Amino acid sequence: METKLSWEQFKGQTRLPKFAIPKRYDLFLKPDLSACTFSGTVQVSLDIIEGTKFLVLNALEIVIQEVRFTDSNNQTYRPCDVVLEGNDEILVLVFKELLNVGEGVLWIEFSAALNQHLIGFYKWALR
Numbered sequence: 001m002e003t004k005l006s007w008e009q010f011k012g013q014t015r016l017p018k019f020a021i022p023k024r025y026d027l028f029l030k031p032d033l034s035a036c037t038f039s040g041t042v043q044v045s046l047d048i049i050e051g052t053k054f055l056v057l058n059a060l061e062i063v064i065q066e067v068r069f070t071d072s073n074n075q076t077y078r079p080c081d082v083v084l085e086g087n088d089e090i091l092v093l094v095f096k097e098l099l100n101v102g103e104g105v106l107w108i109e110f111s112a113a114l115n116q117h118l119i120g121f122y123k124w125a126l127r
């Protein structure tokens, strides 16, 4: 388990922590091309290999609407803090309760702008 209690321990790291290993991603995107935006959900099947109060993912320039984690005992946890750290391109989910070792599913609902920077889900027009 993490020895530090703050999400800031993950700032400046070149790799995501290894206490939660993703096994499968189910990503659903709904673009609105006229508004240059999109919304979506992702379900990530995780294997928690070390008890943790944090989940850390790569993310950039998104708005999080809802997050929940459901463990293999069908217990649902909601984060007490959701931090999008733009400089490090990470999303840190902070939970009050310890997420125990075992399998679970992380569900996130989000939205963002379609950008023209060729990063993430972007808008591009052929000329």
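Heads up: the sequence shown is residues 1 to 127, going by full-length UniProt numbering. C-beta: ideal position from N, C-alpha, C; glycine also. Note that this is a predicted model, so its numbers are computed, not measured.
Asked	Found
Quick one: using the 10 Å Cβ neighbour count with 16 as the cut-off for buried, is Val63 buried or exposed?	exposed
How would you label residue 142, buried or exposed, when you count the other beta carbons within 10 angstroms and need 16 or more for buried?	Residue 142 lies beyond the range of the chain shown here (1 to 127); nothing can be said about it.
List, from N- to C-terminal side, the beta strand (DSSP E) runs of 3 residues or more that fit wholly inside the region 65 to 122.	81 to 85, 90 to 99 and 102 to 113
Under a three-way DSSP split, which group does Pro17 fall into?	coil
Is it the case that the Cβ atoms of Ala112 and Leu55 are separated by a distance below 8 Å?	no
Going by C-alpha distance, which of Asn87, Val42 and Glu97 is nearest Asp81?	Glu97
With distances taken Cα to Cα, identify the nearest neighbour of residue 163 among Lys30, Asn73, Glu85 and Gln116.	Coverage of the chain is limited to positions 1 through 127, which leaves residue 163 absent and any answer about it impossible.
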